[in-house]
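Data block below; observations after.
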Amino acid sequence: MKNWRSNQFKQDVERAKARFDLSRIVGRHVKLRKAGNEHVGLCPFHNEKTPSFRVNDAKGVFHCFGCGAGGDAIDFIMNFEGREFVDAVAILLGEEGLPEAAPRDRSAMVRQEKADRAAAVLAAQAEWQDTRSIKGTPAELYLASRGITADVPATVRYGRVALWRDKKTGFGGRRCSALVLGAQDRRGKIVGIQRVFLTEDGQKMADMANPKLSLGQIRGSAVRLAPPEKRIILTEGPEDGLTLRMKSHKVPVWITLGTGSMPYVDLPDEVEHVTLAGDNNAAGRAAVERAAEEYEAQGRRVDAIFPDRRYEDWNDEHLGIRMKK
Ligand SMILES: [Zn+2]
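Residues 1 to 325 in full-length UniProt numbering are what the sequence shown spells out, letter by letter.
Structure (structure tokens):
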């Protein structure tokens, strides 16, 4: 079992890493300047004002002296875009889905993907164990700044979470304050988390390239703001979900963490009626259409609600922030 990764897959991985200069991959997201035989820029994995992020094209590696982030092209994509290993390889090879490979190699990739996913779920559960109540934390201040002042349920927590995840050693590097939401599977078990990285004063989301990152099994799961009932409301984002919860206290609100996963929540049988709470934009409307088809096909009653047309989402409506024309 030691060498189960086939040669073809190994070659794909090497080809993926070598395909582009790393500075070109990183350079799409980070402004880099040449410094000797390296490139330097502001680290996308932590908030900084003087550049401590270095990219070495000759070695195909990057390293941040500020937060400890480091690795190759695959590590960069995994962490920057929140992807798993096999997806990062596929992105680098420029192909849709899995890289082309013989059936034998494909089974090696499927095993790798399963292992990735299992590891991500365990990592999410470990981070979840370390969270605590938002009372008196930057997460409470952040939610208050979004007009969310009600008590929050047990699936909404505060944590000092790692900014950087190393695929070999687990979590590492600097930790940052975050609002952490626990996503549950059909049976109610936590299988994933969403982290909303915050400034230490809780005034806003951290000034990072990607302040909202999920980890673990997101597709199929949902952040339940109350236990299941005959009717539930499904919405996309944490702030929207917590806003709706204040307005519709009797109907449980569940958060799908992204438009892409709205149609795929693995709902318990007792849920007979799903109200889809969409955003007022093309992606939001498309997600509602798609989700309606899916849940109707499962024999459930479906309807949809949207914010007043002057507002893009439920939290904007709550705060009176009008859509830009
Ligand atoms: Zn850094």
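Quick reminder that beta carbons are idealized off the backbone N, C-alpha and C, glycines included. Computed from a predicted model, the values in this text were never measured in an experiment.
| Item | Value |
| --- | --- |
| Limits of the alpha helix (DSSP H) - the one that THR243 falls within | 238-247 |
| Distance between LEU257 and PRO238 (C-alpha atoms, nearest Å) | 7 Å |
| Nearest to ARG132 (by Cα), restricted to the options TYR158, GLU140 and SER248 | TYR158 |
| Assigned exposure category for GLY97 - 16 Cβ within 10 Å defines buried | Residue placement at GLY97 is poorly supported in this model, since its pLDDT is 44, which falls under 50; the coordinates are not used for a value here. |
| Spatially closest choice to VAL161 from LEU179, GLY188 and ALA292, by CA coordinates | LEU179 |
| HIS318, buried or exposed, once every other Cβ within 10 Å from all chains shown has been counted against 16 | buried |
| Cβ neighbour criterion (16 or more within 10 Å) applied to ASP279 | buried |
| Those residues which DSSP pairs with LEU276 across a bridge | LEU234 and ALA304 |
| Neighbourhood of ARG261 by C-beta, 7 Å cutoff - its chain only, sequence neighbours within 5 removed | Sequence check: residue 261 is Ser here, not Arg. Only ILE218 and ARG219 meet the Cβ criterion. |
| Residue from GLY173, ASP130 and GLU200 with nearest C-alpha to LEU181 | ASP130 |
| Contacting residues, own chain, Cβ-Cβ under 7 Å from ILE305 (five flanking each side not counted) | THR275 and ALA277 |
| Distance CB(GLY41)-CB(LYS34) smaller than 8 Å | no |
| By C-beta, the residues closer than 6 Å to any heavy atom of ligand 1, given in chain order | CYS43, PHE45, HIS46, PHE53, CYS64, GLY66, CYS67 and ALA69 |
| Per-residue burial, THR137 [other beta carbons within 10 Å of its own, 16 or more giving buried] | buried |
| Secondary structure, beta strand (DSSP E): runs of 3+ residues fully inside the segment 50-137 | 53-56 and 61-64 |
| 8 Å Cβ cutoff met for VAL55 and PHE45 | no |
| Three-state class that DSSP yields for ILE148 in the structure shown | coil |
| Limits of the unbroken beta strand (DSSP E) element including VAL265 | Per DSSP, VAL265 belongs to no beta strand (DSSP E) and is neither H nor E. |
| Cutoff 6 Å; reference ARG287; Cβ partners in own chain excluding five residues on either side | Reading off the sequence, residue 287 comes out as Ala, not Arg. If we look at ALA287 and ignore the five residues flanking it on each side, its Cβ neighbours are THR259 and MET262. |
| MET205 versus GLU270 - alpha carbon distance | 36 Å |
| Per DSSP, cross-strand counterpart(s) of PHE197 | ALA178 |
| Residues bridged to TYR158 [DSSP beta-bridge criterion] | ARG132 and LEU179 |
| Backbone secondary structure at VAL26 - three-state DSSP | helix |
| Residues bridged to VAL223 (per DSSP) | ILE255 |
| Residue of SER221, ARG15, LEU267 and ALA150 minimising C-alpha distance to ILE193 | SER221 |
| Nonlocal neighbours in the same chain, by C-beta distance under 6 Å from ALA150, ignoring five residues either side | MET246 |
| Enclosing alpha helix (DSSP H) for GLU317 [first to last residue] | 314-319 |
| Residue 328, buried or exposed, once every other Cβ within 10 Å from all chains shown has been counted against 16 | The question about residue 328 has no answer here: the residues shown for the chain are numbered 1 through 325. |
| Whole-number beta carbon distance between ILE190 and TRP128, since they are thought to touch under 8 Å | 5 Å |
| Supposed contact pair VAL152 and ILE134 - C-beta distance, whole angstroms, cut 8 Å | 6 Å |
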